[in-house]
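Yeah, the sequence shown ends on 380 if you go by full-length UniProt numbering, and it's all consecutive.
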Amino acid sequence: MSRNFESEISKAFEQLLKNETDYNVIIYIGEEPNIKEFHAHHIILRCRSEYFNKILSDENIKKKDGNYIIENSNIDPQSFKSILKYLYTGHINITNKNETELLNILIASDELKLKRLTKLTEEFIIEKHHQFLQNDPVGILQTVYYRKFLVKLQEFCLELICYKPKILFNSDKFINLPASLLEIILKRDDLNLSEIEIWENLIKWGLSQEQEFNQEIFQWNQDDINIFKGILQKFIPLIRFYEISSEDYYNKVKPYEGILSKELIDEILKFHMVPGYRRTLNIYGPRHSNYGIINNISSFFSKMKYYQAIIDIINFIIFDDEINPISPLELPPPKLPSPHLVLYILLLILLILDYFDGVIVFKTLYSIWACFFYHRIIAR
1 MSRNFESEIS
11 KAFEQLLKNE
21 TDYNVIIYIG
31 EEPNIKEFHA
41 HHIILRCRSE
51 YFNKILSDEN
61 IKKKDGNYII
71 ENSNIDPQSF
81 KSILKYLYTG
91 HINITNKNET
101 ELLNILIASD
111 ELKLKRLTKL
121 TEEFIIEKHH
131 QFLQNDPVGI
141 LQTVYYRKFL
151 VKLQEFCLEL
161 ICYKPKILFN
171 SDKFINLPAS
181 LLEIILKRDD
191 LNLSEIEIWE
201 NLIKWGLSQE
211 QEFNQEIFQW
221 NQDDINIFKG
231 ILQKFIPLIR
241 FYEISSEDYY
251 NKVKPYEGIL
261 SKELIDEILK
271 FHMVPGYRRT
281 LNIYGPRHSN
291 YGIINNISSF
301 FSKMKYYQAI
311 IDIINFIIFD
321 DEINPISPLE
331 LPPPKLPSPH
341 LVLYILLLIL
351 LILDYFDGVI
361 VFKTLYSIWA
371 CFFYHRIIAR
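Here it is in structure tokens:
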């Protein structure tokens, strides 16, 4: 016969913590003016926490009046109170905590190397508190990024920032973003911004790192250029210059050519001027975001009136008919002469593909549609 007395043991240890009976560890948690003192038992701390086991096994640990003294300013006192109870009883309720309390518990559990509690809290935040993460992914990322066990939360915040990059780049926090974090974000292939916007934001960040910079680059001297080059040097290889149009390059990149290497400038020039030139520098390929497709679709619909004018001209010249309003995607009636109909369809397809240049899926779909239409209406 066996009985489970776990709950009784848990209650006994909770009472031991509450009454502070025979404690021999004094722990100071927090920063001035919010430092709290906690009392505990070294044998329980060593059994329950890798962090405390390492500290309490050190022969040089500070002692006062026979008590071990531990100090930690990286942990919120209220969070530590909950965690200390967890160490004694094995129980913690995180469902009744608000988002800030949860984040503090997560940081504290990671600091104390409590892997199970860290994993539990991290998954709970991601699953149950999406809105909190969406409200301030930049601040949360800065808080958790350098903690190696919080990988899921780090990746969640990075994906959210890349999906909605304006929450970072339009934020006041952007110019204060650590260089190491900015580098990680610029390396991402899923960053959902056009490359010229990424370049412009990089310039904005770089200018904010040095108070002495004149915003008018044409007034810079060589020392200014050298300082700015030093600030952005490790970010330049992360910009996909081949994805920047020649017009944008001339207007927005060329003024800063002083911070680019001569080899890179020459490479970009060849890329835009020599047909079929294969790039040799800037090894990063196009980003795998939906920005390009969305931009092309937007451009297509913004040019509908342009399409309409050309279609009306085709109607007038080829069919010698009155110019009647017709939708850009509407085909003429099948009664038209077959050769003219084929030419009409092909011209319309070419017009459409001109604004979806590079988007293979659209080319494929419209080619299939043209072949199908020819087979069903013209060839029969």
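Glycine residues also receive a C-beta, built at the ideal position from the N, C-alpha and C atoms.
query: Taking 6 Å as the cut-off, does the CB of Asn60 come closer than this to any heavy atom belonging to the ligand MG?; result: As for the ligand MG, it is missing from this structure, which has no ligand bound.
query: State the start and end residues of the unbroken beta strand (DSSP E) segment that holds His39.; result: Lys36 to Ala40
query: Pop quiz: Ile125 and Leu112 are said to be a contact at Cβ under 8 Å. What is the actual Cβ separation, rounded to whole angstroms?; result: With a Cβ gap of about 17 Å, Ile125 and Leu112 do not count as contacting.
query: CB Ile43 to CB Phe80, shorter than 7 Å?; result: no
query: Look at the Cβ atom of Thr118, then the Cβ atom of Glu14, and state whether they are nearer than 7 Å.; result: no
query: Does the count of Cβ pairs from the segment 209-229 and the segment 164-172 closer than 8 Å reach three?; result: no
query: Give me whichever residues DSSP pairs with Lys64 in a beta bridge.; result: Asn67
query: Would DSSP call Asn24 helix, strand or coil?; result: coil
query: If we ignore side chains and look at the alpha-carbon of each, how far apart do Asn25 and Asn67 end up?; result: Note on residue identity: the sequence assigns Val, not Asn, to residue 25. Straight-line Cα distance between these residues: approximately 5 Å.
query: For the putative contact between Leu84 and Leu17, defined by C-beta atoms under 8 Å, what is the C-beta separation to the nearest angstrom?; result: 7 Å
query: Only counting the same chain, and skipping five residues up and downstream in sequence, which positions put a Cβ closer than 7 Å to that of Tyr249?; result: Ile268
query: Expressed to the nearest angstrom, what Euclidean distance is found between the alpha-carbon atoms of Asp76 and Ile70?; result: 15 Å
query: Please report how far the alpha carbon of Glu8 lies from the alpha carbon of Tyr163, in whole angstroms.; result: 50 Å
query: Where does the unbroken alpha helix (DSSP H) through Pro77 begin, and where does it stop?; result: Pro77 to Thr89
query: Determine the direct distance from the alpha carbon of Asn214 to that of Asp224, and round the result to whole angstroms.; result: 9 Å
query: Closest to Lys229 by C-alpha separation, out of Trp205, Lys97, Asn251 and His272, would be which residue?; result: Trp205
query: Is the Cβ-Cβ distance between Pro137 and Leu160 less than 7 Å?; result: yes
query: Counting only the same chain and skipping the five closest in sequence on each side, list residues whose C-beta sits under 7 Å from that of Ile196.; result: Ile244, Asp248 and Lys252
query: Could you please give me the residues that DSSP links to Asn201 through a beta bridge?; result: BP columns for Asn201 are empty, so no partner.
query: Starting from the C-beta of residue 382, find all residues in its chain whose C-beta is less than 8 Å away, skip the five residues before and the five after it, and write them out in chain order.; result: No information on residue 382 is available, as it lies outside the stretch 1 to 380 that the chain covers here.
query: Give the straight-line distance between the Cα atoms of His288 and Leu56, rounded to the nearest whole angstrom.; result: 50 Å
query: Would you call the CB atoms of Lys187 and Leu238 closer than 7 Å?; result: yes
query: Just tell me which of Ile175, Ser171, Lys173 and Gln134 has its CA closest to the CA of Gln154.; result: Gln134
query: Since Phe271 and Tyr242 are thought to touch, with beta carbons under 8 Å apart, how far apart are those beta carbons, to the nearest angstrom?; result: 6 Å
query: If you drop the 5 nearest sequence neighbours on each side, which residues of the same chain put their C-beta closer than 7 Å to that of Gly358?; result: Reliability of the predicted coordinates at Gly358 is poor, the pLDDT of 42 falling under 50, and the value obtained from them is presented with this limitation in mind. Excluding sequence neighbours, Gly358 sits near nothing in its chain.
query: Inspect the beta-carbon positions of Leu141 and Cys157 and report whether they are closer than 7 Å.; result: yes
query: Inspect the beta-carbon positions of Phe149 and Leu202 and report whether they are closer than 7 Å.; result: no
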